[in-house]
Structure formats: C-alpha cells, structure tokens
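Peer 1:
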Amino acid sequence: MAKYKRYDYSQKVFIPVSLEDQLMPGTLEFVIHTLIENRLDMSVFDDRYNNEATGCYAYNPKILLKVVLLAYSRGITSSRPMERACKENVTFMALTCGAHPDHSTIAAFVSSMEEEIPFLFTDVLLVCEQEDLLGGTFFALDGCKLPSNASKQWSGKISEIHKKKDRLESKVRQLLKKQIETDKEDQDNREDSPERLNRQKQIERLKKKADRLGKWLSDNDAKIGRQGREIKSNITDNESGTMVSSHGTIQGYNGQALVDDKHQVIVQAEVFGEGQDHHHVPPLIDGAKANMAAIGHDEDYFEGSILTADALYHGPNNLKKCESEGIDAYIPDKDFRKRAPGSKTKQRRSAWDIKRFRLKDFRPCKDGDMYICPQGKFLKFITTYNGIIYRQYATDAGDCMRCELKARCIRVKNAKRKYIHFPVASVAGNRCKAMADKIDSKRGRKIYNRRMAIVEPVFGNIRFIKRLDRFTLRGKIKVNIQWLLYCMVHNIEKVANYGFA
C-alpha cells in the first residue's frame with residue numbers, strides 16, 4: 406500500500422521574514438530603494454499634503470514611487486495588479502514595509518505627478534552623471550509609437566462624427582419602431598420577456614453612445630493639424646493621434662527619447678500626439694538643455710556634440726534647430742539608402758526600369774516652367790519637394806487615364822496622373838541639400854550607422870523587456886508622466902548595472 410507524507414491545511418505556520426534581507430545589493434529593487442531613500446529629493450511631494458493639523462496619515466510618496474517603479478520594471482502597468490503584488494509578493498512587501506496601498510491610491514498618485522515628475526527625472530539623471538554614465542558627446546534620437554487608452558473606432562473628423570451620431574440615432578429609431586410593431590402584433594407580449602429586455606438594453610446602449618457624441622460635439626471644435634487642415638479627432642482622448650506604426654494604424658502617442666551613447670542613458674523624453682517627427686527635434690533639445698542645466702551644466706552643453714536621427718526627422722525646422730545650437734547633426738533624407746554605393750535597392754530598381762520611362766524622356770518646354778511627356782502631354786510645376794532639392798511636376802487630372810503608354814510610365818495601378826521630381830542644383834543655405842551631401846560622405850555614413858546601436862536597444866528594453874506595449878492613461882499630461890516613469894526605470898537600471906552596487 407502506498408504511503409504519502411501527511412499534509413494539513415488547518416495547521417498554522419510562522420514564517421520569519423527580514424524585509425531588509427529581501428533587498429539584496431546589486432538588484433534593481435535595491436537600487437530603487439536606495440535612490441529614493443538617499444539620492445532623490447522627495448520633498449517635492451510635501452506641498453500636495455495638508456494634513457499636518459487634521460486628517461489621517463497619508464502613504465509616504467517614497468513607498469508609492471518604489472511600488473510604481475518596481476512594477477513598471479516588471480511589466481505591471483495597472484494599479485490593481487500593483488495592489489495585489491503588495492499583498493502577495495515578498496519583494497513588494499519589503500519595499501512597502503508591509504503596507505498595501507489600494508489601487509485607487511496608486512492610480513491617483515501616478516496620474517497627479519505632473520509637477521513632480523520633471524524633478525524626479527533630473528534627479529535620476531544627476532545620479533547617472535555622478536556615477537559617470539554620461540558621455541555628452543554623441544546622442545541619438547528616436548521615437549516609439551504606442552497605442553493609448555483610446556479606441557481608433559471613436560476617431561474621425563467633425564463631419565464623420567456627426568454621421569456616426571446620425572447613424573446611431575437612426576438605429577435607435579428603427580429599434581423603437583420594431584418594438585412598437587412587435588407590441589401590436591402580439592398583445593400578450595410580456596414586458597419582462599428576454600427579447601424585449603435585450604432590445605431595451607440595446608436601445609439604451611445606443612442612445613447613451615449618441616448622447617455622448619452629441620455632448621462631445623457641443624464641447625469641441627475641429628482639430629487642426631500643423632498644415633492648417635482638419636485632422637481626425639478622438640472622442641475618448643482628443644490629445645492622442647491616429648498614426649501609422651510598425652504594428653499597423655494605431656490611436657496613441659509617439660514617445661520620444663534622446664539617448665546618450667556611453668551607456669544609453671535617456672537625457673530627455675516626451676510624448677507627442679502626432680506620428681510625424683518633422684517638428685520633434687526642437688522640443689527635445691530644449692528639454693535636454695533644461696535637464697542638463699538642472700544638474701549643473703552650462704547652456705552650451707550640447708554645442709559641438711553629434712546628434713543622429715533617422716530619415717523621419719529630416720526637415721528644415723529640425724536641421725535649423727541643430728545648426729543654431731551648434732550640434733553636428735546627421736539626419737538623412739528618405740532616399741539616402743538608394744544613393745549608397747552598391748545599393749541593392751538601386752540595382753533592383755535599375756533592372757525594373759529597363760523598359761520604363763526615365764527623367765531624360767521628359768523634355769523641358771521652352772514656353773514655360775513645364776515638361777512634355779513622350780505622348781505630348783504637359784506636366785506643370787506644382788511645388789518644391791523636400792525644401793528646394795526637388796521640383797515637382799504633374800499632368801492634368803485625366804491626361805494619363807487612357808494613355809497607351811501608361812504601363813511604362815506610372816507604377817501605381819490606379820493613379821490618375823504622372824508626377825516627376827527634378828533635382829535642383831545645390832544652393833547656398835539649403836540645409837536639406839547640405840545634409841544630404843553630408844550623409845553621403847564616407848564619414849557621414851559611418852557616424853549615422855552608430856545610431857541604431859545606441860537608441861534601438863532602449864526601446865527594445867522598454868517595450869519588450871519592460872512590456873510597455875500600450876499607454877494605460879488618457880491625456881498628454883498623464884501619458885507623459887507614464888512615459889517619463891518608464892524612462893526613469895531604464896536609467897535606474899543603468900545605474901544598477903554600471904554604477905554603484
């Protein structure tokens with residue numbers, strides 16, 4: 406007969422636990438605990454509490470911040486799992502000294518850190534400086550587009566939102582009409598029948614959505630983009646934006662980070678509700694200058710340093726800002742890889758273009774600023790493209806629809822007209838052209854190739870190791886707090902790995 410060890414769930418067990426022994430030197434939780442207790446100025450939270458004379462005791466902000474930072478380092482972004490961890494996980498218990506703040510306290514603490522988070526971020530940056538983790542000579546800039554706590558199904562222009570509201574109201578009228586018809590046909594139809602109750606719930610749900618849209622439309626105007634045209638608004642979070650990412654079209658924010666190359670420390674971070682990066686360099690540089698000034702550096706800290714960013718940042722505004730700050734920037738245009746010696750893209754396109762028309766097949770017109778295609782149609786000047794590097798010409802709408810040579814001329818299947826871009830000779834003061842020449846040089850390509858090894862691991866760490874796959878808050882201010890907290894966790898981890906133990 407088999408024999409097993411006895412067990413009894415009613416027995417009582419006392420487990421001696423030393424809280425300090427759970428925070429072992431060299432671990433991330435130990436560094437978080439040490440920095441918050443000894444190196445960060447936590448007095449910035451004192452002004453928010455007015456309970457000296459009356460009121461109950463509040464949770465110490467040190468405890469709450471430790472919980473949030475450790476939770477973020479482990480991929481926990483929701484306040485309820487944080488509360489559960491404080492009750493079940495011995496490491497969280499050690500950080501909180503056995504306290505277990507509820508989820509509402511944690512959530513309110515995170516979302517209300519607008520004034521304190523810049524000081525905390527610069528304090529961590531100061532620790533990185535004191536631990537000799539900053540190089541100060543080479544920086545890389547990039548962004549990470551993440552979904553936010555907003556549905557893209559609730560996005561649209563004002564006219565589209567009006568149509569959505571009208572459709573909901575129309576659906577409500579149809580359901581009410583159907584209900585009336587059902588009552589006439591069946592006089593014995595009970596009011597508590599499942600079919601009737603489900604229909605009433607559906608009507609109430611649709612009316613609630615329509616009322617919500619109506620209230621939003623009465624309180625908000627059209628959202629205007631940088632080009633002066635209306636862009637899509639969002640009902641749940643109007644500061645977020647619809648943007649194309651590597652994971653498809655999302656409704657979210659574009660988290661930017663400026664990274665020092667020595668140990669990949671983030672010196673400035675901010676989120677934006679737009680996917681395009683043409684205007685993100687100035688605010689990031691200004692913010693980084695303010696951070697470095699806060700830890701004791703001069704305003705010319707970035708003068709003479711190297712900055713790299715990908716082609717999405719190539720634009721006159723960004724290049725002008727780098728030039729005014731004395732930064733040696735390397736920001737390529739979108740076609741720089743095609744110009745690279747031995748480029749496979751260039752070779753493949755050359756083979757593809759054997760039987761297609763090229764720029765030399767379009768003759769300039771002597772009577773005006775136009776070109777003539779092989780079929781005799783005129784391509785008129787439209788605009789300059791990429792500063793004044795290219796001039797863009799196009800045929801009139803419909804000229805190319807029935808052209809016999811369309812297959813040799815236009816690549817896009819349903820295109821209505823032909824566009825051509827003629828390069829313009831280098832002009833003094835043209836920053837875009839000067840940057841293209843700079844990137845095409847041997848030194849420029851060598852420097853730019855360092856960018857990916859500096860900034861991409863940062864986003865890999867935050868997004869995949871720390872599991873920040875979406876922002877859980879709404880509004881630019883709150884989302885920016887969450888982004889800065891994650892960047893703080895990244896920098897603290899650098900302190901743990903390369904600084905004190």
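Residue 406 is where the sequence shown starts when you use the numbering used here, and the numbers rise one by one after that.
The beta carbon of each residue, even a glycine, is placed where N, CA and C say it ideally should be.
Relative to the C-alpha of Gly-880, which residue among Phe-827, Ile-437, Thr-527, Ser-517 is closest?
Peer 2: Nearest C-alpha to Gly-880: Ser-517.
Peer 1: Give me, in chain order, the residues of the same chain whose beta-carbon lies closer than 8 Å to that of Ala-504; leave out the 5 immediate sequence neighbours on both sides.
Peer 2: Once the five neighbours on either side are set aside, the close Cβ partners of Ala-504 are Tyr-464, Ile-468, Cys-491.
Peer 1: Going by beta carbon distance, what residues of the same chain come within less than 6 Å of Ser-650, once the five residues before and after it are set aside?
Peer 2: Lys-550, listed in sequence order.
Peer 1: Rounded to a whole number of angstroms, what is the C-alpha to C-alpha distance between Ala-479 and Glu-493?
Peer 2: Looking at the sequence shown, residue 479 is not Ala but Arg. One C-alpha to the other measures close to 15 Å.
Peer 1: So what's Tyr-853 in DSSP terms, helix, strand or just coil?
Peer 2: Of the three classes helix, strand and coil, the one that applies to Tyr-853 here is helix, per DSSP.
Peer 1: Could you check if Val-495 is buried or exposed, using at least 16 other CB atoms within 10 Å of its CB as the buried criterion?
Peer 2: Classification of Val-495: exposed, given that the 10 Å Cβ count is below 16.
Peer 1: Going by DSSP in three states, Glu-675 sits in which element: helix, strand or coil?
Peer 2: Strand.
Peer 1: Could you pull the start and end residues of the alpha helix (DSSP H) that Arg-572 belongs to?
Peer 2: Per DSSP, Arg-572 belongs to the alpha helix (DSSP H) from 563 to 590.
Peer 1: From this set, Thr-439, Gly-692, Leu-712, which residue's C-alpha is nearest Glu-704's C-alpha?
Peer 2: Considering only alpha carbons, the answer is Gly-692.
Peer 1: Return helix, strand or coil for Cys-727, following the three-state DSSP convention.
Peer 2: Three-state result, Cys-727: helix.
Peer 1: Which partner residues of Pro-552 appear in the DSSP bridge assignment?
Peer 2: Its beta-bridge partners are Gly-657.
Peer 1: Give the straight-line distance between the Cα atoms of Pro-862 and Gly-709, rounded to the nearest whole angstrom.
Peer 2: So the two alpha carbons sit approximately 25 Å from each other.
Peer 1: Among His-508, Asn-723, Met-429, which has the Cα closest to the Cα of Leu-689?
Peer 2: Minimum Cα distance to Leu-689 is reached at Asn-723.
Peer 1: Which parts of the segment 477 to 525 are runs of the alpha helix (DSSP H), unbroken and 4 residues or longer, counting only runs that do not cross its ends?
Peer 2: Here the runs fully enclosed are 484 to 493, 495 to 501, 508 to 516.
Peer 1: Quick one: does Ile-522 have its CB under 8 Å from some CB of chain C?
Peer 2: No chain C is part of this structure, which consists of one protein chain only.
Peer 1: For a quick check, are the C-beta atoms of Tyr-658 and Ser-556 less than 8 Å apart?
Peer 2: No, the pair does not count as a contact, with Cβ atoms beyond the cut-off.
Peer 1: Identify the residues that DSSP records as bridge partners of Gln-780: which are they?
Peer 2: In the DSSP output, where bridge partners are listed per residue, Gln-780 has none listed.
Peer 1: Which residues in the same chain have their Cβ closer than 6 Å to the Cβ of Ala-841, if we skip the five residues on either side of it in sequence?
Peer 2: Around Ala-841: Asp-738.
Peer 1: The alpha helix (DSSP H) with Arg-601 in it runs from where to where?
Peer 2: 599 to 624 is the extent of the alpha helix (DSSP H) around Arg-601.
Peer 1: I need the DSSP call for His-702, collapsed to helix, strand or coil.
Peer 2: Note: His-702 maps to coil in three-state DSSP.
Peer 1: Which whole-angstrom value is the C-beta distance of Ile-897 and Leu-440, which I expect to be below 8 Å?
Peer 2: About 6 Å; that satisfies the 8 Å criterion.
Peer 1: By the three-class DSSP mapping on this structure, what secondary structure does Tyr-462 have?
Peer 2: Coil, per DSSP.
Peer 1: Name the DSSP beta bridge partners of Asn-639, please?
Peer 2: In DSSP, Asn-639 forms a bridge with Ser-560.
Peer 1: Relative to the alpha-carbon of Phe-786, which residue among Gln-780, Pro-779, Gln-797, Cys-778 has its alpha-carbon at the smallest distance?
Peer 2: Nearest C-alpha to Phe-786: Gln-797.
Peer 1: Quick check on the burial criterion: 16 or more other C-beta atoms within 10 angstroms. Buried or exposed for Ala-756?
Peer 2: Its pLDDT being 45, under 50, Ala-756 is placed unreliably by the model, and the measurement read from it follows with that caveat. When all chains shown are included, Ala-756 counts as exposed.
Peer 1: Using the Cβ count rule (16 or more neighbours within 10 Å means buried), how would you classify Ile-566?
Peer 2: Under this definition Ile-566 is a buried residue.
Peer 1: Please list, in chain order, all residues of the same chain as Ser-448 whose beta carbon is under 6 Å from its beta carbon, the five residues on each side excluded.
Peer 2: Once the five neighbours on either side are set aside, Ser-448 has no close Cβ partner at all.
Peer 1: Can you check which of these residues, Thr-501, Phe-514, Asp-451, Ser-415, is closest to Leu-878 by C-alpha distance?
Peer 2: Residue Phe-514 is the option with its Cα nearest to Leu-878.
Peer 1: Considering Ile-711, what are the terminal residues of the alpha helix (DSSP H) in which it resides?
Peer 2: Taken as a continuous stretch (DSSP letters only), Ile-711 belongs to no alpha helix (DSSP H), being part of the beta strand (DSSP E) at 711 to 714.
Peer 1: Taking the alpha-carbon positions, what's the Cys-814 to Lys-838 distance?
Peer 2: Approximately 27 Å, taken between the alpha carbons.
Peer 1: Which residues in the same chain have their Cβ closer than 6 Å to the Cβ of Asn-875, if we skip the five residues on either side of it in sequence?
Peer 2: Residue identity check: residue 875 is Arg in the sequence provided, not Asn. Hits under 6 Å: Leu-551, Pro-552.
Peer 1: Are there any heavy atoms of the ligand NAP lying less than 7 Å away from the beta-carbon of Gly-503, as far as the coordinates show?
Peer 2: Absence of the ligand NAP from the depicted structure is noted, as is the absence of any ligand whatsoever, leaving it without description.
Peer 1: DSSP three-state call for Thr-647: helix, strand or coil?
Peer 2: Thr-647: strand per DSSP, three-state reduction.
Peer 1: Let me make sure I understand the geometry here. Which of Asp-616, Lys-589, Lys-562 has the alpha-carbon closest to that of Val-577?
Peer 2: Among Asp-616, Lys-589, Lys-562, the Cα nearest to that of Val-577 belongs to Asp-616.
Peer 1: Would you grab the beta carbon distance between Val-817 and Val-436 for me? Rounded to a whole angstrom, and I think it's under 8 Å.
Peer 2: That belief does not hold up - the Cβ atoms of Val-817 and Val-436 are roughly 54 Å apart, past 8 Å.
Peer 1: Measuring alpha carbon to alpha carbon, tell me which of Asp-766, Cys-805, Met-806, Met-697 ends up nearest Gln-535.
Peer 2: The shortest C-alpha separation from Gln-535 is found at Met-697.
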